[in-house]
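Just so you know, the working numbering puts 594 at position 255 of the sequence shown, and the rest follows in order with no gaps. Input: a single structure, listed below in C-alpha cells.
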Amino acid sequence: MLAVARLVTLAVALAAAAAGPAMAQQRGSISGKVVDAGGLALPGATITITEQRTGFTRTAITADNGAYTVPNLDPGIYTISVDMPGFAAYKQTDLQLTAGSEVTLELKLQIAGLQEQVTVTGLAPLVERTTSSVGGSLSGKEIEDVPSNFRNFTALTQLIPGMTPNPAQSSFEGGQVVANGTPAQSNVYLIDGMYNNDDRLGGSQGTQVRVVLDNIEEYQVLSNQYSAEYGGGAGAIINMVTRGGTNALSGRAYTYFRDDRFNTRGHFLPEGAEKPEERTVQAGFAIGGPIVRDHAHFYFTLERDNEKIAGLKRFPAAAAPLARDFVGEFTVNATNYFGRGDLQLNDSNTISARWVLETAPTRGEGFNTNNETTDAQGWESDWDHLFSVSYTSILNDRSTNVLRVGRIGEQLGTGAQAFFDDEEVTFVGFNGRDPFTLGQRNEHPSYITGKGGDGVNTRIRTYTLDNSFSYFVPSLWGGEHTFKLGGGLSFNQATPRTTVSSGTYQFSGDLPYNPANPATYPFQFDITVGPEGEGFPAFAKDRRYYVFGEDKWRLTDNFTLNLGVRYDHQRHTPNSKDDIAPRAGFAWDVTGKGTTVVRGGAGRFFSYVPVSVALAFDQSGVLTRFPNISIRDPNNPVLHPDMISDSEGSPGVAVLSAAGRAELARLRSQVLSGLTFNRNPRVDDPDRELPYQWAWSLGFSHELFGNSAISWESSTSTSRSAACAPAWPGSTRAARSFRPRRAGPTSRACCSRRPATS
340 MLAVARLVTL
350 AVALAAAAAG
360 PAMAQQRGSI
370 SGKVVDAGGL
380 ALPGATITIT
390 EQRTGFTRTA
400 ITADNGAYTV
410 PNLDPGIYTI
420 SVDMPGFAAY
430 KQTDLQLTAG
440 SEVTLELKLQ
450 IAGLQEQVTV
460 TGLAPLVERT
470 TSSVGGSLSG
480 KEIEDVPSNF
490 RNFTALTQLI
500 PGMTPNPAQS
510 SFEGGQVVAN
520 GTPAQSNVYL
530 IDGMYNNDDR
540 LGGSQGTQVR
550 VVLDNIEEYQ
560 VLSNQYSAEY
570 GGGAGAIINM
580 VTRGGTNALS
590 GRAYTYFRDD
600 RFNTRGHFLP
610 EGAEKPEERT
620 VQAGFAIGGP
630 IVRDHAHFYF
640 TLERDNEKIA
650 GLKRFPAAAA
660 PLARDFVGEF
670 TVNATNYFGR
680 GDLQLNDSNT
690 ISARWVLETA
700 PTRGEGFNTN
710 NETTDAQGWE
720 SDWDHLFSVS
730 YTSILNDRST
740 NVLRVGRIGE
750 QLGTGAQAFF
760 DDEEVTFVGF
770 NGRDPFTLGQ
780 RNEHPSYITG
790 KGGDGVNTRI
800 RTYTLDNSFS
810 YFVPSLWGGE
820 HTFKLGGGLS
830 FNQATPRTTV
840 SSGTYQFSGD
850 LPYNPANPAT
860 YPFQFDITVG
870 PEGEGFPAFA
880 KDRRYYVFGE
890 DKWRLTDNFT
900 LNLGVRYDHQ
910 RHTPNSKDDI
920 APRAGFAWDV
930 TGKGTTVVRG
940 GAGRFFSYVP
950 VSVALAFDQS
960 GVLTRFPNIS
970 IRDPNNPVLH
980 PDMISDSEGS
990 PGVAVLSAAG
1000 RAELARLRSQ
1010 VLSGLTFNRN
1020 PRVDDPDREL
1030 PYQWAWSLGF
1040 SHELFGNSAI
1050 SWESSTSTSR
1060 SAACAPAWPG
1070 STRAARSFRP
1080 RRAGPTSRAC
1090 CSRRPATS
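So, in C-alpha cells, the structure goes:
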C-alpha cells in the first residue's frame, strides 16, 4: 500500500512539474550536520524530529559527510533526537519552527560513557544562515498581545519592515497592504500555503476568504527576494498559518465589544439631537484536540461579528421631506466557520485538510461618504468558501513531495435594495419580475433616493492543483544541494457576473418630484437593457500554469547560493509567452558562528491579472449584448414618470409610468434586434504582457545578545508592463485601447495611445 502511495505521488509530481497558480510550500526546514566532539562527520546517525504538541514524527539518516535535511515541516515546537551506536543520545527540546524558516543546526555527539544522554533546551537561532529572502513573521503570542483595530489582521503587518498597511474600517473587510511601494493588487495571500487571493480584484482588498485572528497561529510575510516556488504576484507573499489540534483537548471562548455608551456625544451633532446608537460585538469559541493520539487531530472555530456604525447625515432644506437630517447606519452580521483536520498515516505520509465558510450580509456600506437616503443605500450579500487538502509524502531520507488541491468560491451581490430579499439580504436579481416595474433610482444634486437602480451579482470559482518535489544531495560540485522542482495549475473563473438594472432618473434640482410642477421633472433617464431573463451575464474563464526549479547550494558551511527559475503563463494575457523569471541570492555567515549574516539577491517577479479585466472586455466590448438606453427628450413619456412615496411615507419619488414602461419595451426590442455598439467600449491589446517587476536587495542581520537581533535591508524595484485603461476624450471615445508599455527608468508604468478603431 505504501509503495503504491509513493508511486502515485511521484507520478503526480512529474506531471505537475510540466504544468502550473501561485501557491507555495510555506513550511519550515531543519538541516545541518552531525559531528563528534572533534568536529568529524558522523554518517549513519538517526535523527528523529517530533512535534511536541501533536506527536507527529519525522526521521532522517545522515549522509557520508554527516549532513542531513528535514524539509516540509509544519510550524510548531519540535524535539530533535539523535542516536548513533557508541555515542550518547542527543536530545534538543522546545525548538520553535516558524513558517518558511530554514533552521541550521550542528548537532555534536559525545562518546558514550557515564553520560548516556545529552539534553539541550533552547530556541531556534535568531539569524537564519542560508536564506536570501526578505520578510518576517509574527508568532501566536504577538498576534494575541498586539492590539489591532476591529481585530483585522492587516494592521499587524506594520510590525514587518517594509510593509505599509491600510486596514479596513471594519473587521470583516480585507484592507490593503503595500510592500516596498509595490501596488497592493500584486500581493498574494495564502492560508497554510493554499492560494487565497481575491480573483475578482487581485490582492488589493486582502484575502478572498477572511481568516479571523483567533484562527491564526502565525503570520508570515515575504516582502522581497522570495524563491522561485513563490509567484503570481510581484508584491508581498502573505501567509496565514492556522491553528490545529494537539494531543490535549482544549478550547477557548471570547467576546470583544464596543458600545456608544463608552463614547462621548459627537461635537457636530445638532443641539437636541440624540447620540447615534452604535455597537460592535465579536464573539466566538474554538475547540480542538486528538481524534487518535499522536496520529489524528481536529480544530474548529465559530465567530459571529455584529456591527452597527452610525453617523449624522445632513441635507438642504429644499430636499424635504424626502431627505431630512437623519442618522445613517451601516450594519453587518457576519458568521465565520473554520475547521481543520490533520492525519499522520505513518512516519512517511501525512494528510491535512482545511475548510472555511463565511456569510456577511450588510446594509448601508459607505453611508458616511455618500448622499443616499435610507431607501437608496446599497446592500450586499457575501458568501465565501475555501476547502483544501494537502498530502505530504516522505519518499526516502533525501526526497519529499507535497501535493495540494483546493477550491475557493465567492458569491457577491451588491447594489440597489430592489434586487434583494428584505429579510435575509439575499441577492435575488429580477427574480422573474419586469425590471421596469421595480422602481427607479432618483439622483438629485444633494441627495439620492429610490430603491431601484443597478445591481451586480458575481460568482467566482477557483480550482487549484499544486505540487512540489524536493531532493537533497549531500555532496555535489563541492557542496550540499537541496533541489526543488514543482508546478501547478488553476482554473480561475467568473461564472458569471450578472448585471441587473431598473433605471436611474437624474434631476437638476433638489425639490422632490411633483407631476404638477414641471420644474421638478427629471432631465435624463438611463438604463441598461438586455434579453429578457434573470439578468445580463458576463463570463470569464481563465487558466494559469507555472513550473519552477530551484537549488539551495551550500558551497561551504558559511556561504549559500539560492538559485532558481520560474515560468508563468496566463491565458487571459494575450502575449503571455516568454514569462521566465530568473532569481538568484546569497547568504554569507561572516563569522561562521551564525551571529552575523549578509544576504542579497535579484530577481524577476510576474503578477497575474485578475478576472475583472476579462469581465470588462466581455461587458464593454465594441459590440455589446447589453446596451445602455439614455433618454433626454423632454417629450418622451419616460421623462413623465408617476410619483410614489418613500418607505417613510413621504411623496416625491419618481417611477416609470405605464406609458414610460411601454416606450422602454419598444426601445429595448429595437436596439436588441440588430448590432449595438458600445458608447464607451474597452478593447484589449493583443500585445499586452503579464505585469512584472525586477527587484534587488542587500542587507544584513546580527545577533546582539540574549534574544535580541538587529537587521537592515535595502530594496530597489522597477515595474514593467503594468495594466492600465486610458480614457481618450473627443473622437477617440468610440474605442479605447488597452496597451501598457514598458516604463522608463524612473517611472512605474504608463500607457501608450493606439489609433481608434470602430
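Where a beta carbon is used, it is the ideal one built from N, C-alpha and C, also for glycine.
When you compare each of D907, I400 and P615 to Y885 by their alpha carbons, which one comes out closest? Here residue 885 refers to the residue found at position 546 of the sequence shown. For the residues D907, I400 and P615, the minimum Cα distance to Y885 belongs to D907.
Within 10 angstroms of its Cβ, does A877 collect 16 or more other Cβ (buried), or is it exposed? Indexing the sequence shown from 1 puts residue 877 at position 538. Looking at its Cβ environment, which holds 16 or more other Cβ atoms inside 10 Å, A877 is buried.
What residues in its chain sit with their C-beta under 6 Å from that of K880, if we drop five residues either side in the sequence? The residue you call residue 880 lines up with position 541 of the sequence shown. The residues are Q832.
Going by CA-CA distance only, name the one from V961, H783 and T503 that's closest to Y860. The count along the sequence shown starts at 1 and reaches residue 860 at position 521. Restricting attention to V961, H783 and T503, the CA atom closest to the CA of Y860 is found in H783.
If I'm right that S738 touches S814 with Cβ under 8 Å, what's the distance once you round it to whole angstroms? Taking the first residue of the sequence shown as position 1, residue 738 is located at position 399. Taking the first residue of the sequence shown as position 1, residue 814 is located at position 475. Cβ-Cβ separation between S738 and S814: approximately 16 Å, too far for a contact (criterion under 8 Å).
Sub-8 Å separation of G703 and G667 beta-carbons: As a working mapping, residue 703 is identified with position 364 in the sequence shown. As a working mapping, residue 667 is identified with position 328 in the sequence shown. Closer than 8 Å, so yes.
May I ask which residues mark the beginning and end of the beta strand (DSSP E) holding K480? For the purposes of this step, residue 480 is taken as residue 141 along the sequence shown, with counting starting at 1. First-last for K480: G479 to D484, but that is the alpha helix (DSSP H), not the beta strand (DSSP E).
From E617 to A656, what distance separates their C-alpha atoms? Mapped onto the sequence shown, residue 617 falls at position 278. Mapped onto the sequence shown, residue 656 falls at position 317. Straight-line Cα distance between these residues: approximately 27 Å.
DSSP state of T546, grouped into three classes? Start at 1 with the first residue of the sequence shown, and residue 546 comes out as number 207. Secondary structure of T546 (DSSP, three-state): strand.
Assuming I416 contacts R397 (C-beta within less than 8 Å), just tell me the rounded distance between them. By one-based count along the sequence shown, residue 416 stands at place 77. By one-based count along the sequence shown, residue 397 stands at place 58. Contact doesn't hold; Cβ gap of about 14 Å is too wide.
Terminal residues of the alpha helix (DSSP H) in which G999 lies: Position 660 of the sequence shown holds residue 999. In the DSSP assignment, G999 falls within the alpha helix (DSSP H) that extends over A997 to L1011.
Buried versus exposed call for S841 [16 or more other C-beta atoms within 10 Å across all chains shown]: As a working mapping, residue 841 is identified with position 502 in the sequence shown. Burial check for S841: the Cβ neighbour count within 10 Å reaches 16 or more, so the residue is buried.
When the distance is taken between beta carbons, is S471 closer than 8 Å to G939? Walking along the sequence shown from the start, residue 939 turns up at place 600. Walking along the sequence shown from the start, residue 471 turns up at place 132. The answer is yes: Cβ separation under 8 Å.
Straight-line CA distance for D736 to I369? In the sequence shown, residue 736 corresponds to position 397, counting from 1. In the sequence shown, residue 369 corresponds to position 30, counting from 1. The alpha-carbon atoms of D736 and I369 are separated by roughly 13 Å.
Determine the DSSP secondary structure at P660, reduced to helix, strand or coil. Stepping through the sequence shown from its first residue, residue 660 is reached at position 321. In the structure shown, P660 sits in coil (DSSP, three-state: anything other than H, G, I, E or B).
Q832 in three-state terms, based on DSSP: For the purposes of this step, residue 832 is taken as residue 493 along the sequence shown, with counting starting at 1. Looking at Q832 - three-state DSSP - the assignment turns out to be strand.
Let me confirm a value: T963 is counted as buried when at least 16 other C-beta atoms fall within 10 Å, else exposed. Which label applies? On the sequence shown, position 624 is the one that residue 963 refers to. Within a 10 Å sphere around the beta-carbon of T963 sit 16 or more other beta-carbons, which makes this residue buried.
With 16 other CB atoms within 10 Å as the buried threshold, where does A363 fall? Mapped onto the sequence shown, residue 363 falls at position 24. Per-residue confidence for A363 stands at a pLDDT of 47, beneath the threshold of 50, marking its modelled position as unreliable; the derived number appears in the next sentence. Counting other Cβ atoms within 10 Å of its Cβ, A363 reaches 16 or more and is therefore classed as buried.
May I ask you to list the residues that DSSP assigns as paired with R922? Here the question's residue 922 lines up with position 583 in the sequence shown. Note: R922 sits in a beta bridge opposite G903 and G942.
Below 8 Å on the Cβ atoms is my contact criterion, and I expect D849 with A1061 to pass it. Report the Cβ-Cβ distance as a whole number of Å. As a first step, residue 849 is located in the sequence shown; it is residue number 510 there, counting from the start. As a first step, residue 1061 is located in the sequence shown; it is residue number 722 there, counting from the start. Not quite, the Cβ-Cβ distance comes to about 42 Å (not below 8 Å), so this is no contact.
Alpha carbon to alpha carbon, what distance is there between S525 and L1006? What you label residue 1006 is simply residue 667 of the sequence shown in a count that begins at 1. What you label residue 525 is simply residue 186 of the sequence shown in a count that begins at 1. When rounded, the distance between both Cα atoms is 43 Å.
Is V695 closer than 8 Å to F669 when the C-beta atoms are compared? The count along the sequence shown starts at 1 and reaches residue 669 at position 330. The count along the sequence shown starts at 1 and reaches residue 695 at position 356. One thing to note: F669 has its Cβ no nearer than 8 Å to the Cβ of V695.
Would N300 and N563 be called neighbours here (beta carbons separated by less than 8 Å)? Outside the shown range of the chain, which is 340 to 1097, sits residue 300, and nothing can be said about it.
Just curious, the beta strand (DSSP E) that F637 is in, first and last residue? The residue labelled residue 637 in the question sits at position 298 within the sequence shown. Per DSSP, the unbroken beta strand (DSSP E) holding F637 starts and ends at A635 to K652.
By the three-class DSSP mapping on this structure, what secondary structure does N675 have? Here residue 675 is taken as the residue at index 336 of the sequence shown, counted from 1. It is a strand residue.
Between which two residues does the beta strand (DSSP E) harbouring S729 extend? In the sequence shown, the residue the question calls residue 729 occupies position 390. Looking at the DSSP string, the run of the beta strand (DSSP E) that includes S729 is W718 to I733.
Three-state class that DSSP yields for D599 in the structure shown: On the sequence shown, position 260 is the one that residue 599 refers to. If DSSP states are grouped into helix, strand and coil, D599 belongs with the helices.
Taking C-alpha atoms, which residue in K447, I386 and L436 lies nearest to G378? For the purposes of this step, residue 378 is taken as residue 39 along the sequence shown, with counting starting at 1. Considering only alpha carbons, the answer is K447.
Rounded to the nearest angstrom, what separates Y786 and S984 at their Cα positions? Sequence index remark: in the sequence shown, residue 786 carries index 447 (1-based). Sequence index remark: in the sequence shown, residue 984 carries index 645 (1-based). One Cα belongs to Y786, the other to S984, and the distance between them is close to 16 Å.
Which of helix, strand or coil DSSP assigns to R910: Translated into the one-based positions of the sequence shown, residue 910 becomes position 571. Judged by DSSP in its simplified three-state form, R910 adopts coil rather than helix or strand.
Do you know whose CA, among V904, S847 and P1030, lies nearest S915's CA? Walking along the sequence shown from the start, residue 915 turns up at place 576. Measuring from the Cα of S915, the nearest candidate turns out to be P1030.
Within its chain, find whatever has a CB closer than 6 Å to the CB of I576; leave out the 5 residues flanking it on each side and keep chain order. Here residue 576 refers to the residue found at position 237 of the sequence shown. Once the five neighbours on either side are set aside, the close Cβ partners of I576 are V527, L561, Y565 and Y569.
Taking only the alpha-carbon atoms, compute the straight-line gap between L498 and G748 and give it to the nearest angstrom. For the purposes of this step, residue 498 is identified with residue 159 of the sequence shown, where counting begins at 1. For the purposes of this step, residue 748 is identified with residue 409 of the sequence shown, where counting begins at 1. Computed Cα separation, rounded: 31 Å.
Which ranges would you report for the beta strand (DSSP E) in the segment 735-797 if only whole runs of at least 3 residues count? Complete beta strand (DSSP E) runs here, min 3: 738-754 and 780-782.
Bridge-paired residues (DSSP) for L412: Taking the first residue of the sequence shown as 1, we reach residue 412 at position 73. Beta-bridge pairing links L412 to G367.
Can at least three beta-carbon pairs, one atom from the segment 537-555 and one from the segment 571-589, be found at a separation below 8 Å? Flag = yes, the segment 537-555 and the segment 571-589 touch.
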